[in-house]
Structures are given as C-alpha cells and as structure tokens.
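The opening residue of the sequence shown carries number 477 in my numbering; numbering runs sequentially from there. The C-beta atom is built at its ideal place from N, Cα and C for all residues, glycine as well. Small disclaimer: the values here were computed from a predicted structure and weren't measured. The next block holds one structure in the form of structure tokens; read it before the comments.
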Amino acid sequence: MRKSQGYNNVHTWKGGYCEQGKCRLHYIPKGCRGVQPPDPIKNVPIGCAYICTNQVKNRSEYGYYYVGTICKHLTKDGEYVLGTCKSFKNNGTICVPYYN
C-alpha cells in the first residue's frame, strides 16, 4: 500500500506492488460505462471516483460520480470535510469542499 493521488485525485492509501525497489500502483483503466456508481447517500465517497468490475473484460475499472454528488474531501491535515463533486479535466469530477 502506498499513499498516492492516483485516479481519484485524493492522497489516500492504494494497493500496489514492488518493482525494482519502487512502489507502483496497480493500473486501473477508466471505464465503468453503463455501470451506475454506488449510492453516495448510503456511504459518502472519499473523492469522486468509484471502482466497478467490467464483466466482459473481467477487470476493475474506475468511473466518476456525477457533478453535484456529495463527497468527502481529504484535507492536508488528514481530516475529512464534506464537499460536492465538480467538473474536472478529462470529463471527470473532483471533490471540492463546501468551504471553498
């Protein structure tokens, strides 16, 4: 595990592997086409990305929650504050704290 910004633009712990003495993240391609994101009301997401399983290709992929979805933003102090998903580069979304 290593702390990395990764696909969801949040510096949280993500699974990986060691290669020639360096930690590498597992590659997860963007996808999840036709897969609805998990219900953010039942479990408020950290950031605005989610992981799904592509049944055809039998692999994990990531997708983004919709603009306006409630989310948790990780501050520099390691605290979580509520925010909302806003448009971000490459048709993605990023969690922006309410106090911005």
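For LYS498, the uninterrupted beta strand (DSSP E) segment begins and ends at 498-501. In the DSSP assignment, PRO516 falls outside any beta strand (DSSP E), carrying neither H nor E. Of the residues assessed, THR569 falls on the buried side of the cut-off, its CB having 16 or more other CB atoms within 10 angstroms.
Taking C-alpha positions only, HIS502 is separated from TYR574 by approximately 31 angstroms.
CA-CA distance, ASN567 to LYS498, rounds to 31 angstroms.
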